Every structure is written in structure tokens, then in C-alpha cells.
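For reference, the structure is listed below as C-alpha cells.
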Amino acid sequence: MKVLEFLQKVKQNEINIEDYLSEIVQKVRKINDEYHYFNSIVENPKPEHKGKLFGLPVSVKDLIITKGIETTASSDILKGFIPKYDATVVERLKNAGAVIIGKTVCDAFGFGSFNLNIGKSFQPPLNPIDKKHVTGGSSGGAGGITQKADFTHVAIATSTGGSIECPSAFCGVYGFCPTYGLVSRYGLISYADSLDKIGIIAKYIEDIKPVLKIIAGHDEKDNTSLSQQVKTKEVECLKVGIVTQALEIVNEEIRKAVEGCIKKIEKHAEIVEVSLQKAMKYGVATYYIIATAEASTNLARYCGLRFGRNEKIESKHFREYFAEIRGKYFSEEEKRRILLGTFVRMAGFKQRYYVKATKIRKLVIEEYKQAFNKADIILTPTMAIFPPKIDEVEKMDIIDIYNSDLLTIPPNLAGVPHITIPVQTNKKFPTSIMLCSNHLTDYWLIDIATKIDKWIK
Amino acid sequence: MSERIIEKLCKLACLELSEKEKEKFEKELNKVLDAFNIIDEIEVSTEPAFRPIEEKNKLREDVANATHEFTELKILKAPKTIE
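Top line first, the protein sequences correspond to chains A and B.
Following my numbering from start to finish, the first sequence increments by one per residue and tops out at 496.
Following my numbering from start to finish, the second sequence increments by one per residue and tops out at 176.
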């Protein structure tokens with residue numbers, strides 16, 4: 040049942056919220072035993088306020104803090120951390136009557152594309168279509184539960200370089216990532232401040248807008264929260280920009296499926312070619328330099344003293360204690376990104392890597408602006424591959440893993456809103472198309488994507 | 094990336110690694126940096142973009158309000174932040 044229909048039924052007392060939520064908890068537990076989508080499940084979830092989303096079950100990625108519910112970022116170093124306040128997004132959802140049902144598993148601190156980079160205390164989520172395969176990451180639990188749930192539910196997830204888009208594509212659901220700064224980051228455990236966005240994963244495209252309307256908007260607690268308003272847009276004949284470079288690098292079956300969509304869209308809109316040459320060529324390197332630089336400073340606070348893990352400090356110097364705790368509880372990928380990020384900011388290398396990457400990001404943003412002079416929206420495949428098997432990822436080279444974000448990184452670097460739509464293929468797994476539009480045209484993009492979703496079905 | 098740089102990074106990042114980890118990361122990070130060096134190909138004369146969208150300074154007016162008051166002992170009383 041779609042969100043608006045559900046809310047209507049609740050309003051008309053056709054659904055008893057208490058019974059419904061109790062039934063959901065049972066279902067979530069059962070799914071979780073088999074697929075590992077949650078780090079924690081709320082015992083007796085119930086609405087705290089009356090509001091526009093009264094009774095709506097919502098899962099929250101375990102990278103967003105929730106008052107009184109363990110929040111771990113799926114990292115061993117934060118195991119046991121119980122926040123004393125809610126993130127703004129959670130507060131707004133609760134005030135609107137939504138109900139938090141649990142915290143979904145993710146790659147530790149959002150570091151990953153396959154949701155296998157998790158602490159030893161956690162279990163990797165399994166793909167809802169075939170358990171041998173990955174859900175995608177980093178919001179793997181959010182993608183998995185959204186597909187598997189046979190009840191009304193919306194997942195709150197985050198994206199830094201593709202963490203909403205990838206699992207949405209691999210699990211066959213819809214993912215929406217807003218304009219950077221539209222949704223408050225207050226209470227989001229920072230991976231990379233200049234790239235992190237909170238968005239939505241949903242089973243139906245119509246479920247995204249009612250939830251976005253609640254969580255979007257200026258927040259004085261977040262200094263990167265935008266005070267600018269979302270724009271409306273009037274388009275006589277929709278121009279859809281196609282990026283040829285993007286179609287050339289994807290799996291053959293994915294290319295065929297995406298080209299099939301373009302043919303159907305062509306009946307309703309004008310197709311134009313746009314170029315994102317710099318974004319495609321330099322995007323991955325630019326993204327990983329900026330993201331790891333910011334991550335290495337953000338993770339400095341986890342030292343066994345203030346958050347999560349702490350142990351007895353014996354006769355050691357503080358620095359020795361910090362280094363030992365960090366070495367013990369950070370996973371391999373967390374360590375790798377801390378080292379890399381520290382290196383690209385280090386004296387002698389900062390100008391060559393970090394500063395240069397921020398300048399290239401400016402070029403990428405300008406490239407998107409130029410493309411939006413030619414097209415109203417830009418369409419690309421979301422992922423170049425189908426979800427790999429878990430053991431295949433374990434054998435993958437680190438460069439291949441980083442390159443798997445090639446198509447999702449550009450809109451994240453530019454901070455433009457984007458939405459992914461699942462597309463059927465001739466294979467076992469679906470694939471996905473990604474639509475991007477200019478900054479602060481988020482609601483318009485969702486409306487256009489809803490039309491396109493109907494055209495391609 | 095050399096053994097010496099890995100040692101320096103561990104010190105800067107306050108991170109204890111085993112010898113095996115140091116060896117592994119040295120090899121991997123060299124590979125990653127080789128791939129990142131693609132950015133050397135492009136000349137850039139633009140200003141950096143530290144955020145995707147720039148906003149004007151949003152600082153509030155610096156006005157004292159009732160929640161910040163001096164007690165009789167001339168101690169600044171701040172609002173309670175933790176329950």
C-alpha cells in the first residue's frame with residue numbers, strides 16, 4: 040500500500056496503528072533473521088505526535104542519530120553509543136507522527152559500495168532477490184528492507200557518492216537524493232561534510248514527496264543547510280539529456296535496458312546529447328580525494344574517550360591509548376580511508392591533491408550548469424554492473440571497487456538532486472536509470488520522474 | 094608512498110597498525126594514488142568549490158538574550174544543554 044493511501048486509511052480508522060506496528064515488528068524480525076537489514080529494531084514502536092505522517096513506519100540508516108536508540112554507523116568503534124538527542128530529520132519525522140521502527144545496516148560510516156565494509160559486531164545485508172549477492176551500499180539495509188517489506192514503509196538513507204543510488208538499483212527500488220543542503224545534516228554522523236546528503240528510499244515513487252516535504256527545509260543547527268527556497272519550473276517540451284560516455288561503459292544488458300527506456304521516453308520528450316566529460320573522467324579521483332580528506336578529520340573524534348568504545352587507560356600516554364583503540368576497532372576500509380585522507384591533506388601534498396580536487400569539483404559543477412542549459416534533466420544508467428556475488432566482491436581490486444561509483448559520483452560532487460527508477464532487464468536482477476536536475480528543483484524532478492516512470496513501464 | 098610515509102601517517106592520524114597492515118596499505122595506497130594522478134592531466138585556474146552550493150553568511154545578530162545572564166557571583170549562566 041502506498042504512503043498516501045495508508046495515511047488516509049489510518050485517518051479514517053480503517054487501520055489500527057497499534058496492531059499494525061506490532062505486526063510489522065514481527066515481520067521485520069523475521070526478515071532480519073534471514074537477510075540482516077537492521078542493526079537494531081525498536082521493541083514497541085508507536086507514534087509520539089499527531090501529524091501529516093501519523094503512523095507511517097520509517098526505518099533510519101544507522102548513520103543518523105536517534106535519541107535512546109543505539110547508533111553505531113555499523114562500526115565497532117561506535118558500538119554501545121546511545122545518543123541523547125535526535126537528528127533534525129528524525130525529530131521532524133517524529134513531530135509529523137512517523138514511527139521509527141529500527142536502524143538499518145550500512146557500510147561503516149558510509150564507506151563502501153557493496154555494504155560489506157562493516158564492523159565485526161555486524162552482519163552484511165543480503166540481496167532480497169538472491170541472497171548470494173550484495174545489496175549495494177552504503178545504505179544496503181535500507182534498500183533491502185524497502186524491497187522485501189510487504190507493508191507500508193519508507194527508508195531514510197544517506198548519500199555521499201552514491202549510497203542511496205547504488206542499493207536502490209541493486210535491490211530494485213526508488214532512491215532519491217536531494218540538492219546538497221536541502222535536508223539538514225544535523226545529527227548525521229559525518230563522513231564528508233561537503234558531500235553528505237540525507238535522502239529517501241521507497242518502494243513506490245509516489246511515496247518520496249510526502250516524506251521529503253516533512254524533512255526538507257532550513258535548519259539553523261546545520262551551517263550548511265540552505266535558506267534558499269525550492270524552485271518550481273514550467274516546461275513546454277521536456278528535454279532529456281543523454282550522456283553517451285555513460286552508456287558506453289555499462290554492462291551490455293544494462294545498456295540495452297536503458298536504451299529501451301530512452302526509446303519510450305522519446306515518444307513524450309525531446310532527447311538531446313549532453314557532455315559530462317570532466318565529471319566522467321576525473322570524478323572518481325576528485326571524489327575520493329575530497330571525501331577521504333574530510334573523513335580523516337571527521338573520524339579523529341573517535342578515540343575511545345567521548346563516543347562508543349572506551350577501555351581502561353592504564354599507564355599509557357593518551358596518544359598511545361587513542362592509537363591503540365583506533366587500531367583495534369576501526370575496520371580495514373576505515374583505516375584505509377583515514378590514511379588516504381591524511382595523506383592528501385599532508386604538507387607537501389595538499390595543493391597537488393586536496394586543493395586541486397576542490398577546483399576540479401568547481402569545473403564539474405560548471406559542466407552540469409552548461410548541460411542544464413541544453414537539457415531539463417540528465418538521464419544515465421545508475422550502476423554499470425548488476426549486483427555482484429559477495430565472494431566476488433571480496434576478490435575485487437580496490438581500484439575496481441572505487442570505480443564502481445563512477446556514474447553516481449558526478450551528481451553527488453555537483454550536489455544536484457537525482458532520483459533512481461528501477462528498470463526490468465532480461466536478467467535475474469533489475470537495473471536502474473538515474474535522472475538529475477538543476478539545484479533546488481527537487482519537487483519538480485520528482486514530478487517529472489513520476490511521469491517518466493509511467494512512460495517506461 | 095613509502096614505509097616512512099606510512100609511519101608518519103599513522104602518527105598524524107593516531108592509528109596503530111600491525112606490520113602486516115602497514116605493508117598491505119603501502120601497496121594499496123600506491124595503486125590508489127597512481128589512479129588519482131589522473132588529475133595531473135587537467136589544468137585548473139578556477140577557485141576551489143568547498144561546497145556544491147555557496148550560501149551567504151548566516152550568522153545571527155550578536156545580541157545578549159535572557160538565557161545568558163550573570164549570576165550574583167558574576168558567573169555567566171549558560172543554558173542547560175545535556176539532560
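The beta carbon of each residue, even a glycine, is placed where N, CA and C say it ideally should be.
This structure is a prediction, so every number in the text was calculated from the model and none was measured.
Per-residue burial, residue i [other beta carbons within 10 Å of its own, 16 or more giving buried]
| i | result |
| --- | --- |
| Val383 (chain A) | buried |
| Pro172 (chain B) | exposed |
| Gln543 (chain A) | Residue 543 (chain A) is absent from the model: chain A starts at 40 and stops at 496. |
| Val274 (chain A) | exposed |
| Ile132 (chain B) | buried |
| Asn465 (chain A) | exposed |
| Cys210 (chain A) | buried |
| Gly387 (chain A) | exposed |
| Arg68 (chain A) | exposed |
| Trp483 (chain A) | buried |
| Val156 (chain B) | exposed |
| Ser61 (chain A) | exposed |
| Glu406 (chain A) | buried |
| Leu169 (chain B) | exposed |
| Leu152 (chain B) | exposed |
| Asp101 (chain A) | buried |
| Arg345 (chain A) | exposed |
| Ile175 (chain B) | exposed |
Limits of the alpha helix (DSSP H) - the one that residue i falls within
| i | result |
| --- | --- |
| Thr197 (chain A) | Counting along the chain, Thr197 (chain A) falls outside any alpha helix (DSSP H), though it belongs to the beta strand (DSSP E) covering Val193 to Ser198. |
| Val432 (chain A) | Ile429 to Glu433 |
| Met94 (chain B) | Premise fails: Met94 (chain B) is in no alpha helix (DSSP H) and is neither H nor E. |
| Ala318 (chain A) | Gln316 to Asn337 |
| Glu373 (chain A) | Glu371 to Arg384 |
| Ser264 (chain A) | From DSSP, Ser264 (chain A) is part of no alpha helix (DSSP H); its letter is neither H nor E. |
| Ile1 (chain A) | With chain A covering only 40 through 496, there is no way to say anything about residue 1 (chain A). |
| Gly238 (chain A) | Not the alpha helix (DSSP H): Gly238 (chain A) falls in the beta strand (DSSP E), residues Lys236 to Ala241. |
| Glu287 (chain A) | Thr283 to Glu287 |
| Thr470 (chain A) | First-last for Thr470 (chain A): Thr470 to Cys475, but that is the beta strand (DSSP E), not the alpha helix (DSSP H). |
| Lys120 (chain B) | Glu112 to Phe129 |
| Val274 (chain A) | Neither: Val274 (chain A) is in no alpha helix (DSSP H) and is coded neither H nor E. |
| Lys66 (chain A) | Ile56 to Tyr74 |
Close-in-space but distant-in-sequence residues of the same chain around residue i (CB under 7 Å, 5 per side omitted)
| i | result |
| --- | --- |
| Gly90 (chain A) | Asn134, Ala135 and Gly136 |
| Ala414 (chain A) | Lys278, Val279, Gly280, Val311 and Val313 |
| Ala332 (chain A) | Gly380, Val383, Arg384 and Tyr393 |
| Arg131 (chain A) | Ile253 and Ile254 |
| Ile56 (chain A) | Val49, Pro86 and Gly94 |
| Val455 (chain A) | Thr218, Tyr407, Cys475, Ser476, Asn477 and His478 |
| Asn290 (chain A) | Ala423, Ile424 and Phe425 |
| Gly151 (chain A) | Gly176, Ser177 and Glu372 |
| Thr283 (chain A) | Glu312 |
Span of the beta strand (DSSP E) around residue i
| i | result |
| --- | --- |
| Thr419 (chain A) | Ile416 to Pro420 |
| Tyr213 (chain A) | Tyr213 to Cys216 |
| Val99 (chain A) | Pro96 to Lys100 |
| Gly183 (chain A) | Per DSSP, Gly183 (chain A) belongs to no beta strand (DSSP E); it is in the alpha helix (DSSP H), Gly179 to Lys187. |
| Asn78 (chain A) | Phe77 to Ile80 |
| Ile458 (chain A) | His457 to Val462 |
| Gly366 (chain A) | No beta strand (DSSP E) holds Gly366 (chain A); the alpha helix (DSSP H) holding it covers Phe357 to Tyr368. |
Nearest-angstrom Cβ-Cβ length linking residue i and residue j, presumed shorter than 8 Å
| i | j | result |
| --- | --- | --- |
| Val144 (chain A) | Pro164 (chain A) | 5 Å |
| Gly343 (chain A) | Phe361 (chain A) | 6 Å |
| Ile328 (chain A) | Ser233 (chain A) | Actually they are not in contact, since the Cβ atoms of Ile328 (chain A) and Ser233 (chain A) sit about 12 Å apart, beyond 8 Å. |
| Ile103 (chain A) | Val129 (chain A) | 6 Å |
| Ile458 (chain A) | Ile485 (chain A) | 6 Å |
| Cys205 (chain A) | Gly175 (chain A) | 4 Å |
| Val173 (chain A) | Asn156 (chain A) | At roughly 11 Å, the Cβ-Cβ gap does not stay under 8 Å, so Val173 (chain A) and Asn156 (chain A) are not in contact. |
| Ile247 (chain A) | Ser207 (chain A) | Between Ser207 (chain A) and Ile247 (chain A) the Cβ distance is about 11 Å, and since that is not below 8 Å, they are no contact. |
| Ile108 (chain A) | Val81 (chain A) | 7 Å |
| Leu446 (chain A) | Ala285 (chain A) | 6 Å |
| Ile237 (chain A) | Pro145 (chain B) | Ile237 (chain A) to Pro145 (chain B), Cβ: 15 Å. No contact. |
| Pro420 (chain A) | Ile293 (chain A) | 5 Å |
Other residues of its chain near residue i: CB distance less than 6 Å, five sequence neighbours each side excluded
| i | result |
| --- | --- |
| Asp436 (chain A) | none |
| Ile288 (chain A) | Ala423 |
| Asp258 (chain A) | Thr127, Ser223, Tyr225 and Ser264 |
| Ile399 (chain A) | Tyr321 and Thr325 |
| Lys411 (chain A) | The residue you asked about is not Lys; residue 411 (chain A) is Phe in the sequence shown. If we look at Phe411 (chain A) and ignore the five residues flanking it on each side, its Cβ neighbours are Asn477. |
| Lys303 (chain A) | Trp494 and Ile495 |
| Asn337 (chain A) | Ser229 |
| Asp261 (chain A) | Ser223, Arg224 and Tyr225 |
| Ser178 (chain A) | Lys100, Cys145, Ala196, Ser202, Ile203 and Pro206 |
| Ala318 (chain A) | Val403, Glu406 and Pro449 |
Residues near residue i by beta carbon distance below 8 Å, same chain, minus five either side
| i | result |
| --- | --- |
| Glu109 (chain B) | Cys103 |
| Asp125 (chain A) | Ile104, Thr105, Lys106, Lys133 and Gly226 |
| Leu461 (chain A) | The displayed chain sequence assigns Pro, not Leu, to residue 461 (chain A). Once the five neighbours on either side are set aside, the close Cβ partners of Pro461 (chain A) are Ser207, Ala208, Gly211, Val212, Tyr213, Pro469, Thr470 and Ser471. |
Three-pair Cβ contact test at 8 Å for the segment 418-429 of chain A versus the segment 461-479 of chain A | By the Cβ rule, the segment 418-429 of chain A counts as touching the segment 461-479 of chain A, because three or more pairs are nearer than 8 Å.
Pair every Cβ in the segment 349-366 of chain A with every Cβ in the segment 287-302 of chain A, then say whether three or more of these pairs are closer than 8 Å.
-> Counting Cβ pairs under 8 Å, fewer than three are found: no touch.
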